[in-house]
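Here the structure comes first, spelled out in structure tokens, and everything after it is commentary.
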RNA sequence: GCGCCCGUAGCUCAGCUGGAUAGAGCGUUGGCCUCCGGAGCCAAAGGUCAGAGGUUCGAAUCCUCUCGGGCGCGCCA
């Protein structure tokens with residue numbers, strides 16, 4: 109609709125340029141929905157923007173523009189208002205056409221080809237497989253999945269990816285923690301380091317490890333004695349413990365325990381995400397990067413371009429040359445590559461896989477890593493703008509007014525699974541997407557569970573269920589109707605509440621496109637709430653199952669279209685649209 | 001100390017790329033159930049857009065500073 113109006117203005121502006129009133133390049137034409145209904149439906153500020161160029165007052169220029177505006181049946185009136193706005197008032201036919209279009213296009217209504225098939229990757233969650241997903245990951249999961257759905261709906265070729273950190277120290281610590289819990293079960297050892305993984309899930313894993321492998325990984329108490337009177341700091345203790353574990357078990361058995369922990373936890377993560385309605389096209393292994401020599405290759409490219417240097421025994425990347433605060437180590441003194449080195453190779457790999465654009469959804473606590481990754485891409489000769497990082501703030505759980513504390517240190521946190529069990533996946537998915545991602549999210553469990561209009565999820569689902577209920581009653585009253593029957597009598601919809609509802613339906617495609625292109629999924633839940641409100645208002649004021657068939661069919665078409673758009677929107681959010689509550 | 005994000009109604013938040021008298025929901029107050037699901041609807045009150053400058057026809061929106069809150073500043077990931 110916006111584009112159609114913009115085209116009209118474009119033609120008017122061109123006419124003025126030809127007649128010499130305007131000169132120079134016309135600016136991009138801006139059309140926006142009018143906020144105040146008295147200003148019509150859409151408005152453009154074109155005359156205000158061109159006034160200086162034309163050397164005349166905006167209102168006079170607006171008059172000239174309007175005079176040259178081509179006629180269009182969907183435009184009922186054009187007015188000049190305020191300082192020089194050009195306001196468009198749509199003809200009722202435009203609204204009726206929307207209802208028909210929704211019914212014709214069904215699930216396709218709201219989808220577009222704006223993305224032109226461009227290859228985009230969305231990488232999200234990517235939590236270390238060192239424990240179950242918690243409520244913080246849940247927000248990234250909901251946000252990332254919805255973002256991907258939105259991009260797909262707007263014509264992008266989307267790939268969803270999870271980066272599995274299956275290499276590195278954190279996984280080693282998990283393996284070590286698992287082994288210690290295992291030894292604890294065997295009665296060999298009871299000293300558990302403060303900063304190892306303390307969650308109860310590690311104990312559960314130890315039980316399974318023993319069940320499947322017996323005492324294969326048992327060692328004598330004395331072999332671990334050196335850990336008892338270890339003098340270094342906590343981190344050094346873990347490193348010493350891991351080294352000792354490797355030594356005592358041998359590389360093969362160490363790998364076995366390591367892989368056991370990794371696989372079981374990853375399996376749990378996959379299950380949690382699947383039941384949360386989150387599915388991936390690719391689970392990308394960090395370890396595969398080093399196995400394929402991708403890290404070496406990336407570092408070599410940087411080396412050849414002169415972006416690396418040695419200092420204090422380590423190899424550094426001069427990221428400050430590309431806007432970072434400080435240079436970063438890529439190879440440690442001990443010869444191991446850093447996580448950052450993997451990340452460089454990983455992002456290079458993404459671009460080499462042919463993605464025009466790569467979107468990473470990270471927790472906001474990682475914001476400091478953005479400049480260095482972008483710096484690396486630039487140093488590798490890639491356009492850093494092809495990487496977009498969406499930083500998702502944490503979610504804080506409330507039970508009514510009580511704030512639920514969660515502590516990672518003790519390993520006692522609310523898992524995503526627990527959240528879904530308590531409030532259901534529909535509410536969880538919806539609430540997670542309710543706020544702009546850079547906004548802190550207060551997640552009230554009581555509200556999410558409540559079955560009342562306070563709860564936006566139920567409010568929207570209820571609207572859908574109500575429409576289905578009306579349709580069920582058709583048969584009971586001996587009436588018949590099928591979608592599209594009202595197409596020829598849509599002009600019978602004249603109630604202002606019906607008009608408001610139709611206008612709302614008309615803006616849905618714009619909302620989807622804006623949400624996708626601006627990376628603002630939260631627009632969708634807000635839109636759906638407004639839509640549900642328009643529906644409930646209409647429902648309360650207008651009887652649908654009236655005797656007169658022409659009017660009834662038109663109204664039922666409008667209801668059907670409303671239900672369809674609710675379904676389409678909820679589906680992008682991963683929320684169900686029940687036919688009865 | 002430096003960097004990033006946030007600050008809008010009592011509460012939780014919208015406000016699209018700078019546009020017209022800053023909007024919703026909850027809460028509060030007051031109405032509406034012989035009627036398709038009252039799990040709902042309608043109305044009212046409620047604002048120095050944290051504060052101060054600046055940019056311009058126009059600023060909640062862009063720039064600078066101050067204040068307040070969150071996060072980050074590892075040869076961890």
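Residue numbers (our numbering): 109 to 689.
All C-beta atoms, glycine included, are put in the ideal place defined by N, C-alpha and C.
query, result
"DSSP state of residue 466, grouped into three classes?", "strand"
"Compute the Euclidean distance between the alpha carbons of residue 617 and residue 465, then round it to the nearest angstrom.", "23 Å"
"Can you list, in chain order, the residues of its chain with a C-beta nearer than 6 Å to that of residue 502? Leave out the 5 residues immediately preceding and following it.", "244"
"Tell me the DSSP secondary structure of residue 373 in three-state form.", "helix"
"Please confirm if the stretch 474 to 491 is in contact with the stretch 248 to 263, defined as three or more CB-CB distances below 8 Å between the two stretches.", "no"
"Closer than 8 Å by C-beta to residue 394: which residues in its own chain qualify, once you throw out the five before and the five after it? Chain order, please.", "271, 272, 273, 274, 275, 276, 450, 454"
"Just to check my reading of the structure: residue 172 and residue 183 have Cβ atoms closer than 8 Å, yes? What is that Cβ distance to the nearest angstrom?", "Actually they do not touch by this definition, with Cβ atoms about 18 Å apart."
"Assign residue 665 to buried or exposed, taking buried as 16 or more other Cβ atoms, counted over all protein chains shown, within 10 Å of its Cβ.", "buried"
"DSSP has residue 229 in a bridge; who is on the other side?", "267, 466"
"Just the C-alpha distance for residue 477 and residue 484, rounded to the nearest angstrom, thanks.", "11 Å"
"Suppose you measure from the CA of residue 221 to the CA of residue 177; what does that come to, to the nearest Å?", "28 Å"
"From residue 267 to residue 238, what distance separates their C-alpha atoms?", "25 Å"
"Identify, in the order they occur along the chain, each residue of the same chain with its Cβ nearer than 8 Å to the Cβ of residue 335, setting aside the five sequence neighbours on each side.", "299, 345, 348, 349, 352"
"Between which two residues does the beta strand (DSSP E) harbouring residue 498 extend?", "495 to 500"
"For residue 467, which option in 480, 166, 499, 441 has the closest C-alpha, if you only look at C-alpha atoms?", "499"
"Using a 10 Å radius around the Cβ and a threshold of 16 neighbouring Cβ atoms, would you call residue 186 buried or exposed?", "buried"
"Consider the C-beta atom of residue 450 and the heavy atoms of the ligand SAM; say whether any pair is separated by less than 7 Å.", "Judged by which ligands are present, the structure shown has none, so any question about the ligand SAM falls away."
"Please state whether DSSP places residue 392 in a helix, a strand or coil.", "strand"
"Indicate whether the contact test is met: 3 or more Cβ pairs, each with one atom in the stretch 206 to 223 and one in the stretch 606 to 624, closer than 8 Å.", "yes"
"In three-state terms, what does DSSP make of residue 425?", "strand"
"For the alpha helix (DSSP H) that contains residue 152, what are its first and last residues?", "That residue, residue 152, is in no alpha helix (DSSP H); its beta strand (DSSP E) goes 150 to 152."
"Give the single residue among 505, 302, 671, 392 whose Cα lies nearest to the Cα of residue 242.", "505"
"Given a threshold of 16 other Cβ atoms within 10 Å of its Cβ, counted over all protein chains shown, does residue 688 qualify as buried or as exposed?", "exposed"
"Taking Cβ to Cβ, would you say residue 681 is nearer than 8 Å to residue 538?", "yes"
"Let's test the definition: count the other Cβ atoms within 10 Å of the Cβ of residue 390 and tell me whether it reaches 16, buried, or not, exposed.", "exposed"
"In three-state terms, what does DSSP make of residue 457?", "helix"
"From residue 444 to residue 397, what does the alpha carbon distance come to, in whole angstroms?", "14 Å"
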